[in-house]
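Notes follow once the structure below has been shown.
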């Protein structure tokens, strides 16, 4: 990859759901966006802890963003469709800002395998990870 | 498959998720998404997520994002454990897998039905589907496990 993507461009393809969750691009790491949200009632599960679904939503957005950025470098018009997601919860998320970063493991002709992890204070201590499979398709009619 | 069954002292054992409704619909992540209690019985709970522009994942099509479906199914399966054992016991989600079978139809409420099919001392095994009106044409299928903070049985 030659140039880092513009953060504004990444925010440009964030869906309304990301805004509803207060998800923003915190910074770029090796050209990929580190997404984040602050703790608040909108992401609270049991009192004092992050909701598992909220963490999952953040990681899923990070995975999609990482894939979009990676794909955009080669085939900007390709469509991506999530097929499934597997989430592992490792630690309870506390009342703190939460970060997530996606990583594209492989892009094939039809399928992309993407991982993401979420953390709070220390990136080396993830609170949760996801694996996702995406179907890739060309926007051109067959 | 009946999606609504009358609540009675027999359904749901000693745990009543409808009592959670007031909390769920006002506080926290579920309330923020507009999630509501729908129905329950022993070992199963249905929650629903009314369609909202705020939850859209693709502006062009108006299709809901997949994130809210995860949250819906996390809540429905989590509550189903307590209706299976008949009481509230603290637990955490160990893992959850969601297969997205088709996009939810824009404008339609998504219903999440979670079932707890096995409980051991430490673990609860759950599965469920999300659909938007026809349980035989699901939007998503989930499978997951919860681990109890202490023990589920005994």
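Residue numbers (our numbering), protein chains in the order written: chain A, 78 to 219; chain B, 28 to 181. All C-beta atoms in this analysis are idealised placements derived from N, C-alpha and C, irrespective of residue type, glycine included.
- Any idea if residue 37/B is buried or exposed, counting beta-carbon neighbours within 10 angstroms, 16 or more meaning buried? The pLDDT assigned to residue 37/B is 44, lower than 50, so where the model puts this residue is not dependable, and the model offers no usable value.
- Can you tell me the Cα-Cα spacing of residue 103/A and residue 108/B, whole angstroms? So the alpha carbons of these two residues sit roughly 37 Å apart.
- Query: Are any of the Cβ atoms in chain B nearer than 8 Å to that of residue 121/A?
  - Reply: yes
- Query: What does residue 116/B touch in chain A if you count any residue whose Cβ is under 8 Å from its own?
  - Reply: The premise fails here: residue 116/B is roughly 12 Å from chain A at the closest Cβ pair, so nothing lies under 8 Å.
- Message: Taking 8 Å as the threshold (beta carbon to beta carbon), is residue 95/B in contact with chain A?
- Response: yes
- Task: Report the option in 141/B, 162/B, 174/B, 156/B whose CA atom is closest to the CA atom of residue 168/B.
- Result: 156/B
- Task: Taking all protein chains shown into account, decide if residue 102/B is buried (16 or more other Cβ within 10 angstroms of its Cβ) or exposed.
- Result: buried
- So which residues on chain B does residue 166/A lean against when the C-beta distance must stay under 7 Å? 119, 120, 121, 122
- Taking the Cβ atom as the reference point for each residue, do residue 120/B and residue 70/B lie within a distance shorter than 8 Å? No; because the gap between Cβ atoms is not below 8 Å, this pair is not in contact.
- Message: Between which residues of its own chain and residue 106/B is the CB-CB distance below 6 Å, once the five residues before and five after are set aside?
- Response: 44, 72
- Kindly indicate the opening and closing residues of the alpha helix (DSSP H) around residue 28/A. The structure shown does not extend to residue 28/A, since chain A is modelled only from 78 through 219, so no value can be given for it.
- Short CB-CB distance (under 8 Å) between residue 61/B and chain A: No - not a single Cβ of chain A is within 8 Å of the one on residue 61/B.
- Give the straight-line distance between the Cα atoms of residue 129/B and residue 61/B, rounded to the nearest whole angstrom. 22 Å
- Item | Segment limits, alpha helix (DSSP H) that includes residue 105/A | Run containing residue 105/A: none in the alpha helix (DSSP H); it sits in the beta strand (DSSP E), 101 to 106.
- Task: Give every residue of the same chain whose Cβ lies closer than 6 Å to the Cβ of residue 117/B, excluding the five residues on either side of it in the sequence, and list them in chain order.
- Result: Only 176 meet the Cβ criterion.
- Grab me the residues of residue 82/B's own chain with a C-beta within less than 7 Å of its C-beta, minus the 5 sequence neighbours each way, in chain order. 60, 91, 92, 95.
- Which partner residues of residue 128/B appear in the DSSP bridge assignment? Looking at the DSSP assignment, residue 128/B forms no beta bridge with any residue, so it has no partner.
- Message: Please tell me whether residue 215/A has its Cβ less than 8 Å away from any Cβ of chain B.
- Response: no
- Message: Using a Cβ distance threshold of 8 Å, determine whether the region 197 to 204 of chain A contacts the region 140 to 155 of chain A, with at least three qualifying pairs required.
- Response: no
- Message: If contacts are defined as beta-carbon pairs under 8 Å, then residue 139/A and residue 193/A qualify, I think. What distance do you get, rounded to the angstrom?
- Response: About 5 Å; that satisfies the 8 Å criterion.
- Which value, in whole angstroms, describes the spacing of the CA atoms of residue 126/B and residue 98/B? 14 Å
- Runs of beta strand (DSSP E) wholly within the region 61 to 92 of chain B (minimum 3 residues, chain order): 63 to 68, 71 to 76, 83 to 85
- Query: Where does residue 201/A fall in DSSP's three states?
  - Reply: coil
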